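Per our numbering, residue 1 is the first one in the sequence shown, and the count goes up by one each step.
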Amino acid sequence: MIPDRLIVVGPVPGGWCVQTDRMGDLMFLSGALAEEKAGRLAMGIAAAGLDVRVDIHDRHDLLVTTRCYFAQQPSLAKGATRAHA
Numbered sequence: 001m002i003p004d005r006l007i008v009v010g011p012v013p014g015g016w017c018v019q020t021d022r023m024g025d026l027m028f029l030s031g032a033l034a035e036e037k038a039g040r041l042a043m044g045i046a047a048a049g050l051d052v053r054v055d056i057h058d059r060h061d062l063l064v065t066t067r068c069y070f071a072q073q074p075s076l077a078k079g080a081t082r083a084h085a
């Protein structure tokens with residue numbers, strides 16, 4: 001999968017960082033909180049219609065997990081209908 005967006009969780013001096021390719025870095029004291037935030041960000045981005053990959057590194061900065069969140073089709077507005085061919 002080639003994602004539309006990439007989020008990386010990794011160690012930094014004194015804590016953990018969630019890095020995105022479109023937002024500023026977010027800092028956390030807990031790796032678990034950083035992972036949780038990365039997942040919530042990824043779900044929001046996927047809900048907006050973009051594929052997201054989350055790479056999670058351990059305290060030695062080794063990649064240990066990759067999670068993929070696939071784009072969701074936006075729901076139709078209430079009362080809207082799809083065009084039929």
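Just so you know, even glycine gets a beta-carbon here, dropped at the ideal spot from N, CA and C.
Every value quoted in this text rests on a predicted model; they were computed, and no experiment measured them.
* **Nearest candidate by alpha-carbon position, reference HIS57, set VAL12, ILE2, ALA42 and ASP4** => One-based indexing of the sequence shown puts residue 57 at position 57. Residue VAL12 is the option with its Cα nearest to HIS57.
* Asked: What residues match up with PHE28 in a beta bridge as DSSP calls it?
  -> Position 28 of the sequence shown, counting from 1, holds the residue named residue 28. Paired residue(s): TRP16.
* In angstroms with no decimal places, state the Cα-to-Cα distance between MET43 and TYR69. => As a first step, residue 43 is located in the sequence shown; it is residue number 43 there, counting from the start. As a first step, residue 69 is located in the sequence shown; it is residue number 69 there, counting from the start. Going from the Cα of MET43 to the Cα of TYR69 covers about 7 angstroms.
* Which residues in the same chain have their Cβ closer than 6 angstroms to the Cβ of ILE45, if we skip the five residues on either side of it in sequence? -> The count along the sequence shown starts at 1 and reaches residue 45 at position 45. ARG5 and VAL52.
* What does a CB cutoff of less than 7 angstroms around ALA38 pick up in its chain, not counting 5 residues either side in sequence? -> Start at 1 with the first residue of the sequence shown, and residue 38 comes out as number 38. Taken in chain order, the residues that qualify are ILE7, VAL9, VAL18 and VAL54.
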